[in-house]
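Remarks on the structure that follows.
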Amino acid sequence: MADRVGAVATDLNLNLNSVRAQKARLSALLGRPPVRFLTAGLIVVLAAAGAYLLARSLAVGWLALAIAVLPLLLLLWYQGELQRLPAAAGSIDGMLEAGLLGILPTAPGRLTPKTLAGCLSRTSGGLFLAARFGIAPSLLEQTASDNPADLAAVWREADSLRLLSGASELSALCVSVAMLRVNPVVKGVIARLQLDEGDLLAAVRWYAYLNRLVYDYHRPVYDGGLARDWSFGYTPLLERFGRPLGVRGRRDPAVAHQVASHQKLIEQLLAVLGQSDRRAAAVVGPLGSGKTKMVEVFAARLLDAADQSVPDRLRFNQVVSLDAASLIARAKGRGDLEQLVGALLVEAYRAKNVIVCLDDAQLFLEDGIGSVDLSKLLNPVLEAGNLPMILIMDEQRWLQIGRRNPALAAAISRLNLGEPSDDEMLDIIFSQLTILEFKRHVTYMFQAVREAVRLSRRYLRDLALPGGAIKLLESSAALADSGLVTAASVQAALEESTGVKVAPVDSAAEKQKLLKLEELIHQRMVNQTQAVAAVSDALRRARSGVRNPDRPVGTFLMLGPTGVGKTELSKALAEVYFGGEDRLVRLDMNEFSGAGDTARLIDAGETNGFSLAAQISKQPFSVVLLDEIEKAHDAVRSLLLQMIDEGVLRDSGNRQISFRDAIIIATSNAGADTIRQLVEAGQQPERFGDQLVNQLISSGQFRPEFINRFDDVIIFKPLGKDELRQVVDLILAGINRNLALQKISLRLADDAKDWLIEQGYDARLGARPLRRVVQRNVENLVAKKILSGGAAPGSVIEVKSSDLLEP
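Read in order, the letters of the sequence shown correspond to residues 1 to 807 in full-length UniProt numbering.
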């Protein structure tokens with residue numbers, strides 16, 4: 001049972017001959033299916049025989065019926081007291097779970113930690129550890145001691161865990177966890193299962209909650225019954241448009257478990273609604289924080305006759321929730337909606353014991369798409385305080401409504417629901433898993449719950465915890481492995497919804513891609529080995545889990561002349577590893593040359609879907625390219641400092657946007673002439689990098705605090721004729737990919753390549769002039785051959801220098 005008990009001194013000796021132990025063994029015997037079947041069969045046979053003999057007027061039939069009563073009484077005893085042996089504090093045998101107590105060996109010296117572990121594997125607690133935590137029952141048995149004297153430490157630890165869970169019964173789960181905690185050999189195995197001491201304590205709380213839920217389900221609920229229903233009066237509109245809250249009471253898994261932070265808020269809600277004036281409260285908190293669930297717990301307390309803490313004025317009051325979106329959808333217009341809501345409020349007032357709850361109350365208090373401002377109707381009701389009301393909304397909407405309508409805000413008592421503590425959060429999620437498992441026919445492992453909390457905190461910023469974690473766990477059910485939702489299931493669900501890679505690198509294909517990233521990128525661009533190595537190393541650090549998770553994957557300032565591959569590197573990286581060039585978020589910073597342009601960077605997605613904040617919200621796993629950063633206004637660059645350094649930016653709606661799964665690349669042509677001169681003089685960029693950076697700071701092109709935010713400043717070298725030959729090959733490969741659909745291929749002779757390089761070489765402009773030369777002379781030539789019929793499917797177009805146009 002789950003009743004809380006005081007810290008009574010416990011006798012650590014186990015008396016297996018106590019009355020309770022004997023009853024537990026009898027219960028275990030009768031609980032075996034063959035024994036129950038034989039007992040029931042014996043009852044039927046004896047009863048039938050007695051009836052037959054009595055029908056033949058033989059008095060011995062009464063003896064048969066009398067004998068049949070004995071196994072019947074035994075079976076009834078089993079189904080009653082023996083199945084629910086009450087716990088008695090003070091001794092281990094008095095508190096130990098009957099299911100475990102009844103199967104312990106009774107021979108002297110037979111009970112050791114090892115034999116105890118074998119018994120635990122046959123209990124619900126042992127199976128719970130196996131299914132929920134992946135701790136095999138055999139693990140305890142293989143690592144346990146054979147010394148009976150070691151049992152005292154197990155009982156002592158188990159009793160402390162019992163007190164921690166607040167239970168009167170010493171469950172098999174408490175004993176299992178105690179054996180894990182006192183055995184130093186097991187700690188390494190537990191770590192390999194990605195568990196720690198705190199997780200084992202969570203197991204105790206979770207199991208205690210499930211036991212309490214079963215107990216509460218069988219315990220009668222005194223909620224006023226028929227008399228309570230009659231006292232509500234005639235409320236046809238409320239029954240049609242409203243939803244009564246808390247009617248299932250403790251039998252609702254979410255209501256049965258109440259965390260301390262919710263309890264405190266419920267006490268405040270009781271105080272506000274129980275007073276004589278200003279009987280309206282606003283439960284304010286972020287989306288997903290559990291506001292509605294907390295109100296359901298409050299409603300259940302009002303209907304629980306056993307709860308003496310509820311003020312008399314509120315006892316057996318029914319909380320009825322009105323869904324704003326549903327009412328607005330049903331109404332034909334504003335006037336119709338005002339009339340409907342007014343009638344609902346009047347009906348609730350006349351009933352005298354109804355508390356109206358407006359979920360998403362902001363929809364009744366502002367004009368907009370899907371919302372109607374009914375302040376003029378609600379203001380007098382709230383100010384009079386005759387009808388108790390609960391309004392549920394988020395923080396931002398409450399502040400907006402308070403600014404627009406101070407009188408309405410003054411009539412309402414604000415109650416804040418913040419994020420619960422980590423332990424409370426797990427407890428709330430445990431209560432929801434009971435419902436999810438029933439609906440989805442899956443079993444959730446603890447590692448999945450913990451991973452859902454971690455990932456939702458980082459990636460699902462639109463939903464507060466625990467709502468975000470519960471949503472992620474719900475979507476993970478479709479990815480269960482043989483009915484078991486694991487941490488990998490949760491990771492896969494998040495990857496599907498956001499595109500962010502969060503699972504460990506397990507596949508050989510991804511490992512090889514990461515190890516050969518430089519080679520893959522160089523299939524799209526030439527030279528610039530320092531830059532390619534830098535971004536590749538950043539990705540390898542991120543995927544192997546050794547980078548700082550509170551910063552972007554990598555931040556780089558790339559300096560160099562135009563046309564040397566700065567932008568191409570970003571495109572290649574997006575295609576090779578991030579999934580395609582659509583994963584490249586590119587901003588031309590010359591479009592942000594004014595101080596007022598900062599707003600366009602942080603516009604919320606609802607107002608501007610192409611702002612930087614909006615694009616990263618949609619796909620956080622991206623390459624962010626800030627092209628020609630030197631042309632941006634100082635105010636714009638200052639705004640970007642936090643994004644580059646900490647990986648976060650706040651949009652115009654004050655929501656935090658995360659860049660911590662993106663690579664940020666800023667390119668600049670600043671200092672291009674200096675780079676060209678130094679390279680032509682034979683110096684390597686690695687040697688004059690600091691000199692160039694100091695020059696850019698001294699000239700005022702960049703501030704030192706801006707440059708210092710980047711992980712690395714990379715200098716791109718100008719391309720020579722040897723590199724341009726490789727560029728020609730890359731361009732040719734691209735043309736052939738396009739021609740492959742027509743089964744045509746293009747081949748350039750060496751003299752044609754030489755001619756193209758001579759015509760396209762410009763030390764100041766890099767590869768861009770070469771691309772234009774190829775387009776004018778090669779692509780145009782190929783197009784004419786195809787249109788004139790000179791290139792049929794399956795043919796190879798040979799191009800020599802003589803075929804190319806003169807400059």
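Just so you know, even glycine gets a beta-carbon here, dropped at the ideal spot from N, CA and C.
A quick note: this is a predicted structure, and the numbers were derived from the prediction, not measured.
DSSP puts residue i in a beta bridge; with which residues?
i	result
Met589	Note: Met589 sits in no beta bridge, so no partner.
Tyr444	Val485
Ser745	Val796
Arg650	Gln656
Arg414	Ala282
Gln318	Val354
Thr555	Ile664
Arg162	Paired residues: none, contrary to the question.
Gly242	Leu322
Asp359	Asp323
Met389	Ala280 and Val356
Could you check which residue in the options has the C-alpha nearest to that of residue i?
i	options	result
Leu415	Asp307, Pro685, Val69 and Gln268	Gln268
Thr434	Gly766, Val773, Tyr209 and Val295	Tyr209
Leu72	Ala59, Ala343 and Val45	Val45
Leu363	Val354, Arg600 and Arg334	Arg334
Leu539	Gly554, Leu484 and Ala531	Gly554
Val532	Val35, Val346 and Phe716	Phe716
Phe556	Leu139, Leu127, Ser668 and Gln742	Ser668
Glu628	Ala534, Leu612 and Ala670	Ala670
Gly90	Leu377, Ala492, Arg162 and Phe592	Arg162
residue 885	Asp712, Leu719, Phe592 and Asp645	Absent from the model: residue 885. The displayed extent of the chain is 1 to 807, so no value can be given.
Leu625	Lys571, Thr674, Glu296 and Ser617	Lys571
Leu237	Val354, Gly288 and Glu141	Val354
Asp277	Thr235, Asn386, Ser544 and Ala763	Asn386
Leu26	Gln619, Trp77 and Phe37	Trp77
Pro704	Ala595, Ala632, Ile657 and Leu641	Leu641
Ser431	Ser611, Leu639 and Asn211	Asn211
Glu424	Ser165, Ser261 and Ile135	Ser261
Ile797	Tyr761, Asn317, Leu739 and Arg771	Leu739
Asp754	Lys800, Phe446, Asp712 and Leu741	Lys800
Gly274	Pro504, Leu63, Met389 and Glu630	Met389
I'd like to know whether the C-beta atoms of residue i and residue j end up nearer to each other than 8 Å.
i	j	result
Gly285	Gly402	no
Gly80	Ala87	no
Gly766	Val564	yes
Thr562	Arg404	no
Val774	Leu746	no
Phe710	Asp661	no
Val204	Cys174	yes
Gly61	Leu70	no
Gly604	Ala614	A small correction: the amino acid at residue 604 is Ala; Gly does not occupy that position in the sequence shown. Yes. Within cutoff.
Ala172	Glu97	yes
Ala448	Ala478	no
Leu391	Glu338	no
Ala542	Ile714	no
Val623	Phe578	yes
Gly647	Pro552	yes
Leu494	Val485	no
Ala281	Ile412	yes
Using 7 Å as the cut-off, classify the Cβ of residue i as near or not near the heavy atoms of the ligand FAD, replying yes or no.
i	result
Gly246	With respect to small molecules bound, the structure shown includes none, and the ligand FAD cannot be examined in it.
Thinking residue i and residue j are a contact (beta carbons under 8 Å), I'd like their distance in whole angstroms, please.
i	j	result
Ala144	Glu157	Not confirmed; about 13 Å, so no contact.
Gly50	Leu65	4 Å
Leu426	Tyr444	Going by Cβ atoms, the distance from Leu426 to Tyr444 rounds to 12 Å, so no, they are not a contact pair.
residue 860	Ser289	Residue numbering for the chain in the displayed model covers 1 to 807; residue 860 lies beyond these limits and cannot be assessed.
Ile521	Leu455	About 29 Å; that fails the 8 Å criterion.
**Request:** Inspect the CB distances between the segment 676 to 684 and the segment 721 to 728 and report whether three or more fall short of 8 Å.
**Result:** When C-beta atoms of the segment 676 to 684 are compared with those of the segment 721 to 728, fewer than three pairs fall below 8 Å, so the two segments do not count as touching.
**Message:** Under 8 Å, with one C-beta from each stretch per pair, do the segment 539 to 549 and the segment 738 to 752 reach the 3-pair mark?
**Reply:** Segments in contact, no.
**Message:** With a threshold of 8 Å, are at least 3 pairs of Cβ atoms found where one atom belongs to the segment 108 to 126 and the other to the segment 140 to 148?
**Reply:** Enough Cβ pairs lie closer than 8 Å, so yes.
**Request:** Check whether the segment 393 to 408 touches the segment 432 to 448, taking contact to mean three or more Cβ pairs, one atom from each stretch, closer than 8 Å.
**Result:** The segment 393 to 408 is not in contact with the segment 432 to 448.
**Message:** With a threshold of 8 Å, are at least 3 pairs of Cβ atoms found where one atom belongs to the segment 692 to 701 and the other to the segment 584 to 597?
**Reply:** Under the three-pair Cβ rule at 8 Å, the segment 692 to 701 does not count as touching the segment 584 to 597.
**Asked** Taking three-plus beta-carbon pairs below 8 Å as touching, is the segment 468 to 478 in contact with the segment 511 to 525?
**Response** With the cut-off at 8 Å, the segment 468 to 478 and the segment 511 to 525 do not touch.
**Asked** Quick one: any contact between the segment 34 to 41 and the segment 123 to 134, if contact means 3 or more CB pairs under 8 Å?
**Response** Here the segment 34 to 41 makes no contact with the segment 123 to 134; the two share fewer than three CB pairs at distances below 8 Å.
**Message:** Does the segment 239 to 246 come into contact with the segment 193 to 204, if we say contact requires no fewer than three beta-carbon pairs (one atom in each stretch) closer than 8 Å?
**Reply:** Verdict: no, contact absent.
**Message:** Counting beta carbon pairs with one atom in the segment 325 to 333 and one in the segment 302 to 309, are three or more of them shorter than 8 Å?
**Reply:** Too few Cβ pairs lie closer than 8 Å, so no.
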